[in-house]
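In the numbering used here, the protein residues as written are 1268 to 1339. Have a look at the structure below before the remarks.
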C-alpha cells in the first residue's frame, strides 16, 4: 500500500540516491537514484513523495515518485 507524505531531504549524493525523513512520523525514507537524480534533490529540500514499504529492513520506506512542494 502506498502513502502520500511530506518529506525533508537529509542527505543526497549524486549517483547514490538520497535519504529523507517523513514530516508526520520522523521515519526515514530512501529515495532511489532514479528518483533523486531526476529531481536533483538537495539537502533540506521539502518534497511530497509516494512511498511504499522498503524491500530492506532499514530504512522502512522508499519513495517511488516525488515532486517539490511548490509544484504541487
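Just so you know, even glycine gets a beta-carbon here, dropped at the ideal spot from N, CA and C.
Residue i by DSSP, collapsed to three states: which one?
i	result
residue 1284	strand
residue 1322	coil
residue 1257	Any property of residue 1257 remains undetermined from this structure, which presents the chain solely from 1268 to 1339.
With distances taken Cα to Cα, identify the nearest neighbour of residue i among the options.
i	options	result
residue 1314	1327, 1298, 1325, 1323	1298
residue 1349	1309, 1277, 1283	Absent from the structure is residue 1349, since the part of the chain shown begins at 1268 and ends at 1339.
residue 1319	1289, 1309, 1330, 1325	1330
residue 1291	1332, 1273, 1326, 1322	1273
residue 1325	1288, 1308, 1309	1288
residue 1270	1323, 1335, 1328	1328
residue 1312	1284, 1335, 1293, 1321	1335
residue 1317	1308, 1302, 1284	1302
Any heavy atom of the ligand COA inside 6 Å of the beta-carbon of residue i?
i	result
residue 1304	In the structure on display, the ligand COA does not appear, and there are no ligands present to speak of.
Enumerate in chain order the residues of its own chain whose CB-to-CB distance from residue i is below 8 Å, with the five nearest sequence positions on each side excluded.
i	result
residue 1282	1300, 1304
residue 1286	1276, 1277, 1278, 1279, 1295, 1296, 1297, 1298, 1326
Need the endpoints of the beta strand (DSSP E) that residue i sits in, please.
i	result
residue 1333	1328-1335
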